[in-house]
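K.L.:
Numbering (the working numbering), first residue to last: 20 to 145.
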């Protein structure tokens with residue numbers, strides 16, 4: 020069966036919802052968008068990465084400071100930062116010999132930050 024046959028409403032459909040379902044399917048996000056959101060959510064499914072991401076939504080800091088803040092070793096933090104960066108959730112800049120990290124200034128990162136705070140019922144620090 021062709022994809023268009025699956026997505027098109029059936030000529031024999033008697034449900035009121037078929038036209039609405041077809042309209043929703045027409046607006047389905049691009050697969051690249053779904054993949055990006057899925058990867059980001061997968062990375063934030065780990066409690067350590069979620070804590071690191073939340074921290075970096077509020078401060079720009081280095082691995083040593085992140086490690087101290089989340090009570091982890093620097094190598095462990097570096098591993099989590101690599102995954103968060105590959106998901107497009109954080110960015111880094113070099114300042115002298117240190118690399119500093121912060122949340123990416125993207126709609127996805129901002130919305131996930133907001134969602135985390137809404138779900139956890141916490142607010143941004145002043």
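Idealized CB from N, CA, C, for every residue including glycine.
Just so you know, these numbers come straight off a predicted model, no measurement behind them.
For residue 64, which option in 131, 39, 83 and 50 has the closest C-alpha, if you only look at C-alpha atoms?
P.N.:
As a position in the chain shown, residue 64 is number 45, starting the count at 1. The candidate whose alpha carbon is nearest that of residue 64 is 131.
K.L.:
What residues in its chain sit with their C-beta under 6 Å from that of residue 121, if we drop five residues either side in the sequence?
P.N.:
The residue labelled residue 121 in the question sits at position 102 within the chain shown. Correct list, in chain order: 75 and 79.
K.L.:
Give, in chain order, every unbroken run of the beta strand (DSSP E) that is at least 3 residues long and sits entirely within the stretch 72-135.
P.N.:
Fully enclosed beta strand (DSSP E) runs of 3 or longer: 109-114 and 117-122.
K.L.:
Would DSSP call residue 22 helix, strand or coil?
P.N.:
Against the chain shown, residue 22 aligns to sequence position 3. Confidence in residue 22 is poor, its pLDDT being 47 and thus under 50, which makes the residue's placement too unreliable to answer from.
K.L.:
By Cβ distance below 8 Å, which residues in the same chain neighbour residue 127 in space, the five residues on each side in sequence not counted?
P.N.:
As a working note, residue 127 is residue 108 in the chain shown. Cβ within range, chain order: 55, 56, 59, 107 and 108.
K.L.:
Rounded to the nearest angstrom, what separates residue 100 and residue 51 at their Cα positions?
P.N.:
Taking the chain shown and counting its residues from 1, the one referred to as residue 100 is at position 81. Taking the chain shown and counting its residues from 1, the one referred to as residue 51 is at position 32. Cα to Cα, the separation comes out at about 22 Å.
K.L.:
Who are the near neighbours of residue 97 in its chain, counting only those whose CB is closer than 7 Å to its CB and skipping five residues on each side?
P.N.:
Here residue 97 corresponds to residue number 78 of the chain shown, with the count starting at 1. Closer than 7 Å at Cβ, skipping near neighbours: 82.
K.L.:
Does the distance from the CB of residue 72 to the CB of residue 103 come in under 8 Å?
P.N.:
Walking along the chain shown from the start, residue 72 turns up at place 53. Walking along the chain shown from the start, residue 103 turns up at place 84. Yes, these two residues count as a Cβ contact at 8 Å.
K.L.:
Mapping DSSP to helix, strand and coil, what is residue 54?
P.N.:
In the chain shown, residue 54 corresponds to position 35, counting from 1. Of the three classes helix, strand and coil, the one that applies to residue 54 here is helix, per DSSP.
K.L.:
Alpha carbon to alpha carbon, what distance is there between residue 41 and residue 125?
P.N.:
Indexing the chain shown from 1 puts residue 125 at position 106. Indexing the chain shown from 1 puts residue 41 at position 22. Spanning the two alpha carbons is a distance of roughly 30 Å.
K.L.:
What number of angstroms, rounded off, separates the C-alpha of residue 116 from the C-alpha of residue 38?
P.N.:
Along the chain shown, one-based indexing puts residue 116 at 97. Along the chain shown, one-based indexing puts residue 38 at 19. If you take the alpha carbons of residue 116 and residue 38, they lie about 59 Å apart.
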